[in-house]
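Comments concern the structure below.
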Amino acid sequence: MAILGVWVGITVAMVFIAIQNFKAVDQLLEAPSGPASKMMVQLGVSSSRMLLRYQVSELNRFYFDVYGTAQIWLALLLAGTLLFATNGNRLTMVLCALTFLVVIFEKFWLTPEITYLGRLVDFVPEMVVSAERSRFWSFRSAYSSAEAVKGLLLLLIALKMLVKTEPRRHRRSRHTDMDLTTATVAD
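Numbering (the working numbering), first residue to last: 123 to 309.
Structural data, given as structure tokens:
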């Protein structure tokens, strides 16, 4: 459960960071400091916004790349833990494997495409319609959908762990073994 808690916590933090980074650009443009204001006048508000959004996008791309790597490690750690904590329960292990596949899909297919397409449209004005921007938003939607599926799988794993249907594996003590031997000899 601790692994699931950390994973969900990191996911929530990533959503918060991505949203806040872009809000910070607009906040900075609304009330820049004196020296920043002078630079923005020279550069122009539109170009300043584009440059700041580019910088925030690069940070977000870096964070999501690291997040993808962290998720792979969390999935492997979760799988190893579940293998021993649930005696290799098939349903739990299948859910964990599906979660791992979603994470791999995000890290090695969706994230690189989002990064590539994002860099293509970073300096294209928002009012300009482009095929790259449409593809970018399609991949972002796919990423959001994959995150929802992953969240559902993690929730199912948590529920499966909370609702135990089979007893845990116990080590038999020497005393229990002797009682069984004595009981068998006595019979």
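Note that CB positions come from ideal geometry on N, CA and C, so glycine has one too.
* Asked: Do the stretch 186-203 and the stretch 212-224 touch if we need at least three Cβ pairs shorter than 8 angstroms?
  -> yes
* To do: For glycine 210, count neighbouring C-beta atoms within 10 Å of its own C-beta (all shown protein chains included) and say buried if the count is 16 or more, exposed if not.
  => Counted from its first residue, the sequence shown places residue 210 at position 88. Burial call: exposed.
* Asked: Going by C-alpha distance, which of Val216, Phe230, Met172 is nearest proline 247?
  -> Stepping through the sequence shown from its first residue, residue 247 is reached at position 125. Minimum Cα-Cα distance from proline 247 among the listed residues Val216, Phe230, Met172 corresponds to Met172.
* **phenylalanine 186 versus arginine 212 - alpha carbon distance** => Here residue 186 corresponds to residue number 64 of the sequence shown, with the count starting at 1. Here residue 212 corresponds to residue number 90 of the sequence shown, with the count starting at 1. Straight-line Cα distance between these residues: approximately 31 angstroms.
* **Close beta carbons around leucine 278, own chain, < 8 angstroms, minus the five adjacent residues each side** => Locating residue 278 in the sequence shown gives position 156, counting from the first residue. Cβ neighbours of leucine 278 beyond the five flanking positions: Leu217.
* On a CA-only basis, which of Ala124, Met123, Val130 is nearest glutamine 273? Give me that one, please. => Here the question's residue 273 lines up with position 151 in the sequence shown. In the sequence on display, residue 273 carries glycine and not glutamine. The residue with the shortest Cα to Cα distance from glycine 273 is Val130.
* Asked: Which residues in the same chain have their Cβ closer than 6 angstroms to the Cβ of leucine 275, if we skip the five residues on either side of it in sequence?
  -> Residue numbering aside, residue 275 sits at position 153 when the sequence shown is read from its first letter. Here the set comprises Leu217, Leu220, Thr221.
* Asked: Do leucine 150 and leucine 174 come within 8 angstroms of each other at the CB atom, strictly closer than that value?
  -> Taking the sequence shown and counting its residues from 1, one reaches residue 174 at position 52. Taking the sequence shown and counting its residues from 1, one reaches residue 150 at position 28. Yes, these two residues count as a Cβ contact at 8 angstroms.
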